[in-house]
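Input: a single structure, listed below in structure tokens.
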Amino acid sequence: MNNQAAWLAQFIDKKEGMSPSQQRRLITHIGRVPFSTDLVAVDPGLWGGFWHFDVIAAGYTLPAVELALLRAVRLDQVWPAATTVEQFVGDLRQTIGHPQAEVWLLRVIDQPCAVLAAPAGQPGLITVVWYCATTNALHAGYRTAPDRLSLPQAVAQGSGAVFATAGPASVEIDQTWLVDSLEQTSEGRSESLSVELDREILRIRVEAGD
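Here this note's numbering is used: the first residue of the sequence shown is 3, the next is one more, and so on.
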């Protein structure tokens, strides 16, 4: 376990809150880490589409950051179609550094992780970012309704005010693709930690009602 993971794990395992300075330290660190580029299998909902002049088919894999973008643009449809990877990651970094960002700490497949959420700039939506201290990378970024972010096992580091600031929803997101994707990825165990994290985050989203 690296130093960052060990530091984060102590708050999770002891169910302790961070001091303001500790939370600033964590947010500053997360704001600098990359989004994972490990390969992850593409969701069935994306099969048949094009990406970089290739046809996406069953068994097709993409770097996690590119898959997260395609999910946000083509499946959730909450980012503009022309959004680039750089713009997408830039939006996630704005969420991480947002003055109203909330932080939750939890273990995901036993790995110490942090989840950050802030108003998305679209009425009724929040942007959610997942960070794993073991890989020291981001592993998910998406927009959803506040009532679809449920982390019952997490140690909250804020007041939950982000849910009040999101306002009433102005858009309905069809996220039924999550169930299909989870069924597709539930066969067998992967040797890739990034794939395991992706699968578990999908499961958490499904259980939350996404």
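Every residue gets a Cβ at the ideal spot worked out from N, C-alpha and C, and that includes glycine.
Return the chain-ordered list of same chain residues with a C-beta closer than 7 angstroms to the C-beta of R76, the five sequence neighbours on each side being excluded.
For R76, where only same-chain residues beyond five positions count, the Cβ hits under 7 angstroms are L48 and G51.
Taking only the alpha-carbon atoms, compute the straight-line gap between I206 and L94 and give it to the nearest angstrom.
The straight-line gap from Cα to Cα measures roughly 19 angstroms.
For T70, does the count of other Cβ atoms within 10 angstroms reach 16, so buried, or fall short, so exposed?
Rather than Thr, the amino acid found at residue 70 in this sequence is Ala. By the 10 Å Cβ count, A70 comes out buried.
DSSP state of P114, grouped into three classes?
Strand.
Which parts of the stretch 126-157 are runs of the alpha helix (DSSP H), unbroken and 4 residues or longer, counting only runs that do not cross its ends?
List check, alpha helix (DSSP H) in window: nothing returned.
Using the C-alpha atoms, what's the distance from D56 back to I14?
Answer to the nearest angstrom: the Cα atoms are 42 angstroms apart.
Is P65 helix, strand or coil when you go by DSSP?
P65: strand per DSSP, three-state reduction.
Look at the alpha carbon of A59 and the alpha carbon of D45, and state the distance between them as a whole number of angstroms.
Looking at the two C-alpha atoms, the distance is approximately 9 angstroms.
Sorted by chain position, which residues of the same chain lie with C-beta nearer than 6 angstroms to S152's C-beta, five sequence neighbours on each side aside?
Hits under 6 angstroms: A210.
Give me, in chain order, the residues of the same chain whose beta-carbon lies closer than 7 angstroms to that of I98; leave out the 5 immediate sequence neighbours on both sides.
I29, I32, G33, L118 and V131, listed in sequence order.
Taking only the alpha-carbon atoms, compute the straight-line gap between R26 and A120 and give it to the nearest angstrom.
Each residue's alpha carbon lies about 15 angstroms from the other.
Compute the beta-carbon to beta-carbon distance between D78 and R145, rounded to the nearest angstrom, for a pair I have assumed lies under 8 angstroms.
Confirmed, about 7 angstroms.
If we count the other Cβ atoms within 10 Å of its Cβ and call it buried at 16 or more, is D112 buried or exposed?
Counting Cβ neighbours within 10 Å, D112 comes out exposed, since fewer than 16 surround it.
I need the DSSP call for P22, collapsed to helix, strand or coil.
Helix at P22.
Over what stretch of residues does the beta strand (DSSP E) that includes A43 continue unbroken?
First-last of the beta strand (DSSP E) with A43: L41 to A43.
How is the alpha helix (DSSP H) around A11 delimited, first residue to last?
From DSSP, the alpha helix (DSSP H) with A11 extends over N5 to D15.
To the nearest angstrom, report how far apart F90 and E18 are at their CA atoms.
When rounded, the distance between both Cα atoms is 32 angstroms.
Could you compute how far the alpha carbon of P36 sits from the alpha carbon of L140?
Approximately 6 angstroms between the Cα atoms of the pair.
Buried or exposed: where does H100 fall if 16 or more other Cβ atoms within 10 Å of its Cβ makes it buried?
It is buried - the Cβ of H100 has at least 16 other Cβ atoms within 10 Å.
Using three-state DSSP, classify V57 as helix, strand or coil.
Of the three classes helix, strand and coil, the one that applies to V57 here is strand, per DSSP.
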